[in-house]
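**Student:**
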Ligand code: ATP
Ligand code: MG
Ligand code: MG
Ligand code: MG
């Protein structure tokens with residue numbers, strides 16, 4: 003079996019061998035983009051190179067970039083544990099051309115690596131192109147010899163990438179692997195496309211236009227290439243399994259979680275072990291890159307991820323903090339590729355243990371309150387927003403943890419009611435301060451707190467204005 007570490011290596015070796023500069027992963031906290039919560043694609047560290055703001059001594063590059071998609075435009079948090087292919091933290095393999103090669107070379111590299119170097123059966127592969135991109139359609143035919151019906155034209159924004167309202171943009175082409183008809187799902191563009199049978203493994207973006215304003219799009223003088231392939235997804239394919247959570251890395255983490263809890267990963271408990279394994283990676287890598295749990299911004303997203311995993315550990319019956327005890331398995335799997343994990347190991351362990359100890363003090367009481375509040379509710383019901391708010395405010399349950407806890411019973415949460423309760427509490431706090439006789443300075447303080455986002459809820463990624471990434 004080819005290990006995930008070997009696959010990462012062979013991807014980078016292929017591109018080094020074809021003249022690409024190999025760039026190490028940038029940290030998860032973007033240094034060049036204050037609008038972005040976390041790096042969520044391989045191209046993010048190269049944004050300014052694509053726009054021409056920054057020059058590098060090379061015109062082609064490849065990387066394996068750490069990514070987190072747990073907030074903002076790309077939020078895969080709710081998918082974790084429930085689809086075979088989504089993580090909050092994952093590695094994106096990518097090759098990039100900054101005004102160097104374009105469509106033909108990009109398709110050639112992708113096809114060669116996937117079918118020659120890695121030996122995937124071409125019959126298993128289907129690609130998409132943007133509906134007007136006749137050039138890409140013809141190149142897939144020529145280079146890959148794919149029949150017309152396996153080059154699917156897609157008219158939606160899934161196949162048109164842009165960096166934002168202005169800037170570089172262009173059509174893209176995605177490669178899908180067919181895991182076989184024993185799994186539910188259909189090819190891209192079909193009514194069953196959301197199933198797990200056809201899994202998107204690689205996205206090739208052809209940056210060929212510059213959007214200068216609404217309706218004002220011109221050709222880029224030197225078009226560029228940006229690609230992204232999920233390492234965990236391609237590892238599943240190359241290891242002959244359908245599910246990312248059955249690959250070597252995840253198997254090791256889940257085995258450690260099974261071992262320490264004494265609960266097998268089957269049926270209802272499988273999702274819990276998966277969530278724990280996934281969130282362990284996200285939490286550990288975020289701490290290694292300098293994020294600490296808090297009630298605002300990035301730290302709040304981290305806290306949500308950690309507490310969600312900790313709720314699942316509790317669900318499995320763990321009597322003591324669990325997450326920090328899984329860390330040695332993670333460093334054994336990934337420490338060689340990411341030495342920052344080993345460097346930060348004591349800090350990560352301490353942060354995980356402290357957070358879990360603190361959270362466990364109120365978790366039981368909160369879950370009891372939740373049980374009482376849902377007595378008599380059946381599938382399709384909605385938990386009132388003020389209950390979700392009390393859980394948040396008194397017991398430290400992030401909103402989506404409450405949502406996650408009710409998911410298996412198919413009970414929704416009244417988000418509007420929750421927001422209203424939150425707004426009311428803020429207003430009450432403000433009014434109370436106003437009564438203290440020092441209006442001017444306190445009002446300034448509240449305004450500052452709000453504009454700087456240092457209120458409890460700025461962590462909610464929905465408001466983080468992330469740019470569009472492949
Ligand atoms: P999907 O449609 O499956 O959600 P995507 O179109 O959002 O994927 P892209 O933004 O095109 O994904 O990212 C490039 C590649 O990164 C994808 O082709 C996939 O292999 C991988 N990828 C994206 N999101 C995730 C995730 N949450 N977990 C693991 N791999 C991912
Ligand atoms: Mg997605
Ligand atoms: Mg997609
Ligand atoms: Mg895609």
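Residue numbers (the numbering used here): 3 to 472.
Even glycine gets a Cβ: it sits at the ideal position worked out from N, Cα and C.
Let me check one thing: in DSSP terms, what residues is residue 70 bridge-paired to?
**Tutor:** In the DSSP secondary-structure assignment, residue 70 is bridged to 91.
**Student:** Less than 7 Å between C-beta atoms, sequence neighbours within five positions excluded: which residues of the same chain meet that for residue 456?
**Tutor:** Unreliable placement is indicated for residue 456, whose pLDDT of 33 sits below 50; the coordinate value is still reported in the next sentence. Contacts found: 298.
**Student:** Does the segment 43 to 57 come within contact of the segment 85 to 99, defined as at least 3 CB pairs closer than 8 Å?
**Tutor:** yes
**Student:** Kindly examine ligand 3 and report whether one of its heavy atoms sits closer than 7 Å to the Cβ of residue 228.
**Tutor:** no
**Student:** When you compare only the Cα positions, how much space is there between residue 412 and residue 378?
**Tutor:** 13 Å
**Student:** Give a yes or no on whether the minimum CB-CB distance between residue 284 and chain D is below 8 Å.
**Tutor:** No chain D appears in this structure, which consists of one protein chain only.
**Student:** Measure from the alpha carbon of residue 38 to the alpha carbon of each residue in 74, 200, 291, then state which is nearest.
**Tutor:** 74
**Student:** Between 78, 140, 398, 419, which has its C-alpha nearest residue 106's C-alpha?
**Tutor:** Among 78, 140, 398, 419, the Cα nearest to that of residue 106 is on 140.
**Student:** Between residue 102 and residue 61, is the Cβ-Cβ spacing less than 8 Å?
**Tutor:** With contacts defined by Cβ atoms closer than 8 Å, residue 102 and residue 61 form a contacting pair.
**Student:** Within 10 angstroms of the Cβ of residue 305, are there 16 or more other Cβ atoms? Answer buried if so, exposed if not.
**Tutor:** Answer is buried; the Cβ neighbour count reaches 16.
**Student:** Report buried or exposed for residue 280, applying the criterion of at least 16 other Cβ atoms within 10 angstroms of its Cβ.
**Tutor:** buried
**Student:** Does any heavy atom of ligand 3 sit closer than 7 Å to the C-beta of residue 176?
**Tutor:** yes
**Student:** Given a threshold of 16 other Cβ atoms within 10 Å of its Cβ, counted over all protein chains shown, does residue 303 qualify as buried or as exposed?
**Tutor:** buried
**Student:** Hey, quick one: how far does the beta strand (DSSP E) through residue 227 stretch, first residue to last?
**Tutor:** Its beta strand (DSSP E) spans residues 218 to 232.
**Student:** Tell whether a beta-carbon distance below 8 Å holds between residue 474 and residue 277.
**Tutor:** Lying before the first or after the last residue shown, residue 474 is absent from the chain, which here runs from 3 to 472.
**Student:** May I ask which residues mark the beginning and end of the alpha helix (DSSP H) holding residue 326?
**Tutor:** 325 to 336
**Student:** Just to confirm the assignment, what range does the beta strand (DSSP E) spanning residue 177 have?
**Tutor:** 169 to 180
**Student:** Using CA coordinates, which residue listed in 191, 126, 124 is at the minimum distance from residue 155?
**Tutor:** 191
**Student:** Specify whether the segment 107 to 118 and the segment 325 to 341 touch according to this definition: at least 3 beta carbon pairs, one from each stretch, less than 8 Å apart.
**Tutor:** Between the segment 107 to 118 and the segment 325 to 341, the count of Cβ pairs shorter than 8 Å is below three; the stretches do not touch.
**Student:** Using the Cα positions of residue 186 and residue 204, report the straight-line distance between them to the nearest angstrom.
**Tutor:** Approximately 21 Å, taken between the alpha carbons.
**Student:** Pull the bridge partners of residue 129 from the DSSP assignment, please.
**Tutor:** 153, 177
**Student:** Should residue 291 be listed as close to ligand 1, given that the test is whether its C-beta is under 7 Å from any heavy atom?
**Tutor:** The nearest non-hydrogen atom of ligand 1 is 7 Å or more from the C-beta of residue 291.
**Student:** Could you check what DSSP says for residue 342 in three-state terms: helix, strand or coil?
**Tutor:** helix
**Student:** Going along the chain, which residues of its own chain have a beta-carbon closer than 6 Å to the beta-carbon of residue 100, five neighbours each way excluded?
**Tutor:** 51, 61, 226
**Student:** Alpha helix (DSSP H) containing residue 268: first to last residue?
**Tutor:** From DSSP, residue 268 is part of no alpha helix (DSSP H); its letter is neither H nor E.
**Student:** Under 8 Å between the Cβ atoms of residue 221 and residue 210?
**Tutor:** yes
**Student:** With H, G and I counted as helix, E and B as strand and the rest as coil, what does DSSP make of residue 40?
**Tutor:** coil
**Student:** At the level of alpha carbons, what is the spacing between residue 82 and residue 213?
**Tutor:** 35 Å
**Student:** Do you know how far the Cα of residue 117 is from the Cα of residue 125?
**Tutor:** 10 Å
**Student:** So residue 72 and residue 284 are in contact, right, with Cβ under 8 Å, and what is the actual spacing, rounded?
**Tutor:** 7 Å
**Student:** Nearest to residue 262 by CA position, among 291, 313, 331, is which residue?
**Tutor:** 331
**Student:** Check whether the Cβ atoms of residue 232 and residue 92 sit closer than 8 Å, and answer yes or no.
**Tutor:** yes
**Student:** Label residue 426 either buried or exposed according to how many other C-beta atoms from any shown protein chain fall within 10 Å of its C-beta, with 16 as the threshold for buried.
**Tutor:** Per the 10 Å Cβ criterion, exposed.
**Student:** What is the chain-ordered set of residues for which the beta carbon lies under 7 Å from any non-hydrogen atom of ligand 2?
**Tutor:** The set of residues with any CB-heavy atom separation to ligand 2 below 7 Å comprises, in chain order, 76, 78.
**Student:** Considering residue 358, what are the terminal residues of the beta strand (DSSP E) in which it resides?
**Tutor:** Note, residue 358: premise wrong, no beta strand (DSSP E); alpha helix (DSSP H) at 347 to 376.
**Student:** Spatial neighbours of residue 195 within its chain, please: C-beta separation below 6 Å, excluding the five flanking residues on both sides.
**Tutor:** 188
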